[in-house]
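The structure under discussion appears below in the form of structure tokens.
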Amino acid sequence: MLDLSNFKISDTEENNWFSDMFFTKYSFPFEIDLIDDLDIAFGFISLYNSSSKETYFELKYVHGDKIEDAVFEIEQFQTKLSCVLRFGFEQLPSFDKKLSELSLQKLRLPDGTDVYQHAQTVITQKWPVVNYNFPQVHLDKIDASGEMWSYFEGQINCRKEGVFLINDMDAHNSIFRNRNIMQPLPYLFHVLERGMADANLILAGEILNNEDLKKVTLYADVEYYKKYIDECLDIENQFFGEEIIGAYPFDGIPDPDFVFGYPLNGYFNYDRYSITKFTVKNAGTYKLAVFITFSGVDRRASSAFYIVKYRGRILKYMPLNDIGNWGNLPEICRDSFNISTENDINIHEFTIEICLKAIGGGNLSGPWVGFTAGFEITPVYLYEDNVNVVSTIINTNKIDLTRAVADITFGDLIRCIKNWYNYDLTIQGNLAVMNKVESQMNYNEAISFQSFEIKNPIQKFKKGNSFLLKFQDIESKDYTFLPVFQDRQGVISTGYKTDEKTNTIEINGLPLPLVTKNEIHTAHAFESGNEKIYFVIYDGLINNNNTSKPNNNYLLPVVYTNYWKKWINFRIKSTETIWSFKTFGENISNLKVKSKIFCYNKYHIIKTINKTEIKPDLFEIEINLESLD
Numbered sequence: 014m015l016d017l018s019n020f021k022i023s024d025t026e027e028n029n030w031f032s033d034m035f036f037t038k039y040s041f042p043f044e045i046d047l048i049d050d051l052d053i054a055f056g057f058i059s060l061y062n063s064s065s066k067e068t069y070f071e072l073k074y075v076h077g078d079k080i081e082d083a084v085f086e087i088e089q090f091q092t093k094l095s096c097v098l099r100f101g102f103e104q105l106p107s108f109d110k111k112l113s114e115l116s117l118q119k120l121r122l123p124d125g126t127d128v129y130q131h132a133q134t135v136i137t138q139k140w141p142v143v144n145y146n147f148p149q150v151h152l153d154k155i156d157a158s159g160e161m162w163s164y165f166e167g168q169i170n171c172r173k174e175g176v177f178l179i180n181d182m183d184a185h186n187s188i189f190r191n192r193n194i195m196q197p198l199p200y201l202f203h204v205l206e207r208g209m210a211d212a213n214l215i216l217a218g219e220i221l222n223n224e225d226l227k228k229v230t231l232y233a234d235v236e237y238y239k240k241y242i243d244e245c246l247d248i249e250n251q252f253f254g255e256e257i258i259g260a261y262p263f264d265g266i267p268d269p270d271f272v273f274g275y276p277l278n279g280y281f282n283y284d285r286y287s288i289t290k291f292t293v294k295n296a297g298t299y300k301l302a303v304f305i306t307f308s309g310v311d312r313r314a315s316s317a318f319y320i321v322k323y324r325g326r327i328l329k330y331m332p333l334n335d336i337g338n339w340g341n342l343p344e345i346c347r348d349s350f351n352i353s354t355e356n357d358i359n360i361h362e363f364t365i366e367i368c369l370k371a372i373g374g375g376n377l378s379g380p381w382v383g384f385t386a387g388f389e390i391t392p393v394y395l396y397e398d399n400v401n402v403v404s405t406i407i408n409t410n411k412i413d414l415t416r417a418v419a420d421i422t423f424g425d426l427i428r429c430i431k432n433w434y435n436y437d438l439t440i441q442g443n444l445a446v447m448n449k450v451e452s453q454m455n456y457n458e459a460i461s462f463q464s465f466e467i468k469n470p471i472q473k474f475k476k477g478n479s480f481l482l483k484f485q486d487i488e489s490k491d492y493t494f495l496p497v498f499q500d501r502q503g504v505i506s507t508g509y510k511t512d513e514k515t516n517t518i519e520i521n522g523l524p525l526p527l528v529t530k531n532e533i534h535t536a537h538a539f540e541s542g543n544e545k546i547y548f549v550i551y552d553g554l555i556n557n558n559n560t561s562k563p564n565n566n567y568l569l570p571v572v573y574t575n576y577w578k579k580w581i582n583f584r585i586k587s588t589e590t591i592w593s594f595k596t597f598g599e600n601i602s603n604l605k606v607k608s609k610i611f612c613y614n615k616y617h618i619i620k621t622i623n624k625t626e627i628k629p630d631l632f633e634i635e636i637n638l639e640s641l642d
């Protein structure tokens, strides 16, 4: 155990209105003499070449009359250890959980109800009646030129003439028409409520009255649908090497091959040979693409073929030279074709066999000579349980919102909302209260510090400060999301210059813009990646369409006016006042970092409080305030 009671540790608490951090308190760096026992405990930190140095510890910190989870970190060592403590962040353990780890809604639909029917009943409703919805969102990430997606309409939750499009099969041409992806979008408030609930807290405060945020669903760039190919393929072995010099077993090639020789005792002679085996779980028809690249081969004096077999039966024999097994051998060979299985429950095993032979005096000896090969297999149509034809893209009949969220933590989401809408978060008993910072800029319940005033406190002036409120940069040239820049001269969105006194508030999120494609006017997911928050504004049907609403109210010029203007004006015009005094603990027992302070004939907001216990129950306090008027 490390006893810190003999060290003069200054605990600092910051008002999170002034940063994007929550709850964290910390100590100023303090020094510790490195005695032998500590040197051993810290992995011989005194030895320059030690590979076992330990400098970061999670521990319990006895702080006043509280025991708190804390981090003890060694930041520097020369002749003494320079250390820091951080504590006070245990109040919201779900902060470090990924959104996918939260207790978001999961639902298996009743027998006889598919996801298309279920979505029809949901799209007419709103939060809090439902926790998710199915607005249409245009996608750019799907390549419709491929066979699997050639019928895709271009948006998730596609609905036309009052019904959701389904994925079906053109039985005549044995082609599946994957028109639609059904992806539920969770409401922001559902995610916030469940994140708080996982920390045994109830979401409360002014945020629940925010009519704009009630309409926010969250789009995530995820593969929510299920590819049947993921379930049906079982690749045993891809290309596993070549055998050199030997004979290929003749087993029914239609015509004798004049290059490889007439079958002698049932075998062809070859110089290089390979075999690839794979199985598929489901009966059906698949598209097989074969790729072969030759290296170190005299292509004018070499010949090759490959054979595809199913359960030992030849499906395809393919000479690879320009004309049969004569002519030049291409450097790269590509071929694709459909292969079909029997419709039964037995193992469906395929093999791809490749033979290479020198002709006309060619030489294939040497380790640099040979070929590499590979294949791709894509279902065309399949039989589920080897009975019923199923789609290659499945919109499952269950809802799982943990699969429909961004790859970020709950803490990242809270910080995004704080930076976007200037909300505060405080824990009051079992309530997680999120109120607007601006609504708390008042004189209510102010504490008088007049008795602690000194003659000449430090005063700092902020007129040279500026603030930049912005979304993270985007790469698209099709859309512009204006920032807001404010300094003492005013507010602008273009033509501004930042400097070392600019405070940048950056938001890891975007309200998706609307665009019209295929006669559907709705949100456009124009970015790829799953580490950002995307708002899709959905407030029920618009002209009987499940399309999203415009994002105007969520853009920063509007958000600034409603949530930031008063606060940023205060930050630029206020005077910062700093001084120190000594007092007993009982005199500051009701002092909180968000208390309002009256002193020097003005009301103030606390920025930081630094406490150092210099004797039992006697504290030295340094307080940093910003004036409200």
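If you use the working numbering, the sequence shown corresponds to residues 14 to 642, in order.
Glycine included, each C-beta is placed from N, C-alpha and C at the ideal position.
Sequence-distant residues of the same chain with beta carbon closer than 7 Å to residue i, five excluded per side
{"i": "Gly598", "result": "Asp630, Phe632"}
{"i": "Gly56", "result": "Ser63, Ser65, Lys66, Glu67"}
{"i": "Asp225", "result": "Asn566, Tyr567"}
{"i": "His534", "result": "Leu527, Thr560"}
{"i": "Phe318", "result": "Tyr330, Met331, Pro332, Leu333, Asn338, Cys368"}
{"i": "Gly542", "result": "Asp234"}
{"i": "Asn443", "result": "Asn213, Leu214, Ile215"}
{"i": "Met209", "result": "Ile215, Leu216, Ala445"}
{"i": "Phe594", "result": "Phe465, Ile467, Ile634"}
Paired residues, beta bridge with residue i - DSSP
{"i": "Gly522", "result": "Ile546"}
{"i": "Tyr232", "result": "Tyr547"}
{"i": "Lys624", "result": "Asp24, Ile634"}
{"i": "Ala445", "result": "Leu216, Ile440"}
{"i": "Ser95", "result": "Glu44, Gln89"}
{"i": "Phe465", "result": "Per DSSP, none; premise fails for Phe465."}
{"i": "Thr515", "result": "Ser479"}
Burial state of residue i (16 or more Cβ within 10 Å)
{"i": "Ile220", "result": "buried"}
{"i": "Asn222", "result": "exposed"}
{"i": "Asn637", "result": "buried"}
{"i": "Asp24", "result": "buried"}
{"i": "Asn295", "result": "buried"}
{"i": "Asp46", "result": "exposed"}
{"i": "Phe350", "result": "exposed"}
{"i": "Ser315", "result": "buried"}
{"i": "Ile421", "result": "buried"}
{"i": "Leu4", "result": "Absent from the model: residue 4. The displayed extent of the chain is 14 to 642, so no value can be given."}
{"i": "Arg121", "result": "exposed"}
{"i": "Ile48", "result": "exposed"}
{"i": "Gly297", "result": "buried"}
{"i": "Asn191", "result": "buried"}
{"i": "Asp33", "result": "exposed"}
{"i": "Arg347", "result": "exposed"}
{"i": "Asn170", "result": "buried"}
{"i": "Ile136", "result": "buried"}
{"i": "Gly553", "result": "exposed"}
{"i": "Thr507", "result": "exposed"}
{"i": "Asn469", "result": "exposed"}
{"i": "Tyr677", "result": "Outside the shown range of the chain, which is 14 to 642, sits residue 677, and nothing can be said about it."}
Where residue i sits in the DSSP three-state scheme
{"i": "Val128", "result": "helix"}
{"i": "Val135", "result": "helix"}
{"i": "Ser489", "result": "coil"}
{"i": "Ile358", "result": "coil"}
{"i": "Tyr434", "result": "helix"}
{"i": "Arg347", "result": "strand"}
{"i": "Lys370", "result": "strand"}
{"i": "Asp109", "result": "helix"}
{"i": "Ser116", "result": "coil"}
Beta-carbon contacts of residue i that lie in its chain and below 8 Å, excluding the five residues immediately before and after
{"i": "Lys514", "result": "Gly477, Asn478, Ser479"}
{"i": "Thr653", "result": "No statement about residue 653 is possible, as the shown extent of the chain runs from 14 to 642 and does not include it."}
{"i": "Val571", "result": "Asn565"}
{"i": "Arg416", "result": "Ser113, Val235, Tyr237"}
Cβ-based neighbour list, residue i, same chain, cut-off 6 Å, excluding 5 preceding and 5 following
{"i": "Arg172", "result": "Asn559"}
{"i": "Ser116", "result": "Arg207, Asp211"}
{"i": "Lys363", "result": "Checking the sequence shown, residue 363 turns out to be Phe, not Lys. For Phe363, where only same-chain residues beyond five positions count, the Cβ hits under 6 Å are Phe291, Tyr323."}
Neighbour flag for residue i against chain C, beta carbons, 9 Å
{"i": "Glu599", "result": "The structure shown contains no chain C, having only a single protein chain."}
- prompt: If you scan the stretch 145-215 from start to end, which runs of the alpha helix (DSSP H) of 4 or more residues do you find wholly inside it?
  reply: 201-210
task: Only counting runs of 4 or more residues, tell me where the alpha helix (DSSP H) segments fall wholly within the stretch 29-87, in order along the chain.
output: 49-54
query: Which runs of the beta strand (DSSP E) spanning at least 3 residues fall entirely within the stretch 536-622, listed in chain order?
result: 546-550, 588-597, 609-612
task: Any chance you could list the beta strand (DSSP E) runs of at least 3 consecutive residues sitting entirely within the stretch 287-339, in chain order?
output: 297-308, 315-323, 326-332
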